[in-house]
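Just so you know, we're using this note's numbering here: the sequence shown kicks off at 67 and counts up by one.
All C-beta atoms, glycine included, are put in the ideal place defined by N, C-alpha and C.
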Amino acid sequence: MRNSFRAFFFIWVIVTAGLLGLTGTSAAYVLEGEASYRPWSGYWWPFWEAGLPTGKYYRGHPAPLEKYDLVTSGYFPGRATRTELTNHRPETAQAWEGYCHAWANAAILETVDFENSVLDGCFFSIGDKKGLLTVCHYDDYKMFQRCGRNPLVFHQYLLEYVGKNRVPVAADLDGGEQVWSYPIYRFRMDIAQGGESDYISCTIFYADDQVGPDFQGTREESKTLYYRLFKDAHGSYTYGEWAGATAGRGPDFVWLPVGQKAENSHIDYEQVGRIVSSRGDGFNPSGIVRPGSYPLIVSPGRQIGTSIHLPAESRVKIRLAVDGQSPGEWRYPRESVSYLLKHTGGAIIASGGLDTEGVDLEFSQESASDIELILISSDGNQLDVFVRFYLDVSLKENCFLLNIPNNYEWIGMALKTVDPDVSNLTYVTVMGEGGWPIHTLDVPLNMNGNLKWSGLVPTPLMLDYFNGSGPEYVKITSERPVALLGLVSAEADTLTGPPQPTSSGCSTWIVPKLTRKFSTGFKSNLYLLNTGSEDIITEMDYYSNLGTWVGEEYFSILPGQFSEYRVGNYPGSIDVDGWAVLRCESGSLTGKVEITGRSSIDELPLLKAGTRFFLPHLVDDGLWATKAVLINPHGEPVNVTLTCRNGGRVGEPCVVELGAFERREVDMKPYLWAVTQDEMNACWLLIDSPKPIAGYFTYSCSDVSAASMPFFPKEDLGLEKNICHVAGDNYWWTGVALLNPSAVSSEIEFTAYGESGDELARHTITIGAGAKQVFMLDQCFPQLRGLVKSVRLRSGGGAFSGFLLYGTSDGVSLLSALVLK
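Written out as structure tokens, the structure reads:
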């Protein structure tokens with residue numbers, strides 16, 4: 067897109083009376099002028115239709131301005147759309163009012179080769195682009211003159227600008243109360259000279275706006291105007307009057323636009339230029355190697371094809387559909403496209419015609435191979451066809467960051483493969499409605515060795531305008547396990563995003579905390595995700611904290627469905643301060659609760675029950691405190707034993723009697739009354755129960771911030787752990803708590819790695835038998851602060867476990883926790 071005034075040509079033909087074979091003193095001659103380029107025809111977008119902000123009578127939602135909002139802010143309708151509706155209310159507009167003057171400005175100042183294209187995952191039609199340029203030129207700077215009853219001004223504009231400077235001018239050609247503006251690019255004047263005045267028949271040629279929004283090129287219209295120009299004693303024109311059929315109906319005003327200015331304060335001209343100048347689509351001739359959303363354009367009489375690489379032992383989901391705004395959908399008969407999906411050089415997987423309903427395919431890929439997608443424009447098509455192609459791939463290991471807020475300050479992620487000795491193919495995809503990808507993160511495909519990836523998820527993430535869904539969760543799928551951290555920050559709140567794995571066959575979950583709609587203090591929201599390919603029938607039993615049964619609800623979760631249940635809107639609309647048991651036959655359910663306080667946000671995964679757990683670290687020093695929550699999912703009481711341990715020293719066991727279905731919050735200090743403060747700070751906690759229970763523990767700092775984690779089962783013990791992210795500035799710190807519950811001491815070797823996975827240093831600590839160690843990570847590598855990006859921990863003795871705390875140095879206003887993997 068560019069503004070340009072071009073050189074022009076001017077023809078002046080004088081035809082004398084003698085040449086015409088006439089006699090007398092009168093003379094006639096012809097003046098012709100033409101601009102060096104022709105303005106493009108565009109739609110005039112009546113205000114009453116509100117087509118630019120609403121898509122009415124064009125292609126519906128999203129409208130051109132809604133698409134602008136979408137690619138600039140991530141959602142629609144946004145500020146640009148709302149501002150335009152405020153500026154030009156359709157309900158008060160007269161039938162003739164619209165954007166014709168703005169189109170005329172744009173058509174003169176913008177010399178553009180328009181074509182359908184894709185930008186940032188959004189289809190932009192020719193009409194979208196013309197409409198956005200029209201909005202940009204609504205209030206242009208211009209050299210403006212009223213004509214009124216005097217045609218001399220109009221005459222001079224044609225000669226000076228169209229004739230001499232070879233640029234188009236714009237004029238209101240209606241001549242009445244209504245305003246109908248057009249860009250004029252050529253004229254022919256037949257001038258009959260007289261003594262005191264000249265009589266002129268002027269035919270103008272202009273671009274017409276009685277076209278569809280997607281019209282390409284210039285539709286020429288012409289109009290002949292008649293007027294008389296009066297001369298002074300020197301033969302110079304002094305004034306004029308409209309004559310003949312033009313009397314009282316001449317152009318009201320004429321102008322030359324000289325600079326862009328929008329009326330809408332939320333339209334950025336450079337952003338519109340980026341949209342208008344965009345070319346191509348999501349087609350990658352070299353092949354598709356990641357899951358994602360790929361918008362494709364199939365031109366008339368053509369076919370396009372691309373290869374898709376599918377890894378071994380993967381589950382593949384594909385969706386193909388014609389976009390509802392495809393140009394061929396808006397004519398009769400509709401223009402369609404067919405598809406062919408096949409193994410490269412081999413058997414056909416699926417084929418057929420496509421429409422807006424789309425086709426969903428799902429299959430397993432046993433061995434790594436390429437398949438080929440071919441889209442074929444139907445015979446007789448005259449327009450482009452827009453096609454949506456979604457590709458979702460699931461590998462052996464899957465985990466999820468649920469409920470991605472799309473307006474927070476930042477969403478950060480860190481990712482590292484657990485086993486450094488093997489290649490680990492990894493995909494990270496932002497998922498939308500129904501479990502379909504809407505954004506793909508550019509994470510290294512093979513997380514090999516000690517390479518760590520960290521980065522910010524770009525926010526706001528754009529909605530998928532095909533179905534209007536926003537980002538719901540992040541899916542991390544890999545061939546082998548990964549260590550993952552997700553952090554989200556918003557003003558004074560931080561919530562950690564521990565990975566939520568698929569349930570691996572678990573059929574019973576504990577929802578650890580639910581709150582009433584109007585309860586004071588904390589609010590708890592529930593999020594559930596069906597990661598499988600079949601419906602999940604779920605039974606949910608609700609209990610109060612004291613164990614009273616409150617109600618039950620049966621409900622279904624569709625494949626790929628992400629469900630959000632806010633306070634007061636839990637399944638069955640049950641209002642309770644307490645907890646719930648969630649049962650299902652499928653092993654494809656995962657979820658979490660998000661707990662919001664006055665100045666903090668915390669979250670917990672759905673919990674599994676067990677008979678033995680441990681807490682790697684206890685603390686109660688006046689600043690930090692440890693609390694635990696015990697949940698009895700049985701219909702009879704259960705005695706739970708809490709035992710403090712520190713090396714070979716074992717404290718006096720404390721027995722907590724949980725009533726049937728009771729949920730109890732336990733402040734450690736009163737229950738462990740026999741343990742001094744110094745002893746508690748040096749201890750860890752063993753939890754034993756004769757029947758499976760569930761629970762979690764919370765660390766809080768001065769009641770300002772808190773971080774919670776589930777009780778640690780024995781399955782969390784291992785000989786090797788990973789720290790996938792080290793806070794590397796002076797604002798954040800990384801705290802480490804390690805536990806060796808075995809009967810022998812163990813040496814733990816820390817190996818620090820830099821940005822590219824190169825080894826920087828090693829450090830070894832010894833943890834005694836049945837003991838813990840708690841420290842700041844930078845104490846291990848004091849000379850490498852800011853350079854260490856990840857750390858691998860290896861035990862030379864027994865299995866160990868632990869967790870990380872990430873906090874801020876400003877009184878720990880932000881706090882997040884992560885279990886070591």
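Where T147 is concerned, the enclosing alpha helix (DSSP H) starts and stops at 145-153. DSSP, read as helix, strand or coil, puts Q160 in coil. For F220, the three-state secondary structure derived from DSSP is helix. Distance between G864 and A694, taken at the CA atoms: about 27 angstroms. Note on geometry: alpha-carbon atoms of A416 and S430 lie some 14 angstroms from one another. The three-state secondary structure of E651, taken from DSSP, is coil.
The beta carbons of G108 and T177 sit no closer together than 8 angstroms. Residue burial is scored here from C-beta neighbours: E538 has at least 16 other C-beta atoms within 10 angstroms and is therefore classed as buried. Assignment of K230 by DSSP, reduced to helix, strand and coil, places it in the helix class.
Excluding residues up to 5 positions away in sequence, T574, E605 lie with their Cβ nearer than 6 angstroms to the Cβ of R649 in the same chain. Sixteen is the threshold: when 16 or more other Cβ atoms of the shown chains lie within 10 Å of the Cβ of K838, as they do, the residue is buried. Assignment of T200 by DSSP, reduced to helix, strand and coil, places it in the helix class.
Secondary structure remark: continuous beta strand (DSSP E) runs of at least 3 residues inside the stretch 632-697, in chain order: 644-650, 655-662, 667-671, 676-681, 690-697. For S267, the beta-bridge partners assigned by DSSP are D256, Y292. The residue from L655, V857, D641, G644 with its alpha-carbon nearest to that of I623 is L655. The continuous stretches of beta strand (DSSP E) do not include M746, which lies in the alpha helix (DSSP H) extending over residues 743-747.
Of the other Cβ atoms in all chains shown, 16 or more fall within 10 Å of the Cβ of D347; this residue is therefore buried.
Scanning V453, R212, H409 for the CA closest to the CA of G241 turns up R212.
The beta carbon of A387 is closer than 8 angstroms to those of L420, D421, T422, E423, G424, V425, V453, R454, F532 in its chain, skipping five residues each way along the sequence. Less than 8 angstroms separates the beta-carbon of T495 from that of P503. Taking a cut-off of 8 angstroms on C-beta distances, the stretch 673-690 does not touch the stretch 605-614, as fewer than three cross pairs fall below it. Secondary structure note for I174: it is in no beta strand (DSSP E), and the uninterrupted alpha helix (DSSP H) holding it is 166-175. Judged by pairs of C-beta atoms under 8 angstroms, the stretch 94-108 does not touch the stretch 134-153, as fewer than three such pairs exist. Listed as beta-bridge partners of F778 by DSSP are F680. Under a 10 Å Cβ-count criterion, H409 is classified as exposed, with fewer than 16 other Cβ atoms of the shown protein chains found around its own Cβ. Between the stretch 767-781 and the stretch 723-731, the count of C-beta pairs closer than 8 angstroms stays below three; the two stretches do not touch. Here L594 really is in contact with S629; their C-beta atoms are around 5 angstroms apart, less than 8 angstroms. DSSP links S520 through a beta bridge to A480. Counting only residues of its own chain and dropping the five nearest sequence neighbours on each side, L136 has a CB closer than 7 angstroms to the CB of P128, F142, C188, M528, L529, Y531. Residue state for A311 is assigned as helix, using DSSP reduced to three classes.
Take the alpha-carbon of G325 and the one of A236: they are about 14 angstroms apart.
Counting of Cβ neighbours within 10 angstroms places Y620 among the exposed residues, the total staying below 16. Annotation: the stretch 831-869 contains the following complete segments of the beta strand (DSSP E) (minimum length 3 residues), in chain order: 837-842, 856-861.
T158 is classed as exposed because its beta carbon has fewer than 16 other beta carbons within 10 Å across all chains shown. In its chain, beyond the 5 residues on either side, N153, Y204, D205 have a beta carbon closer than 7 angstroms to the beta carbon of E329. Assigned with DSSP and collapsed to three states, E545 falls in coil, not helix or strand.
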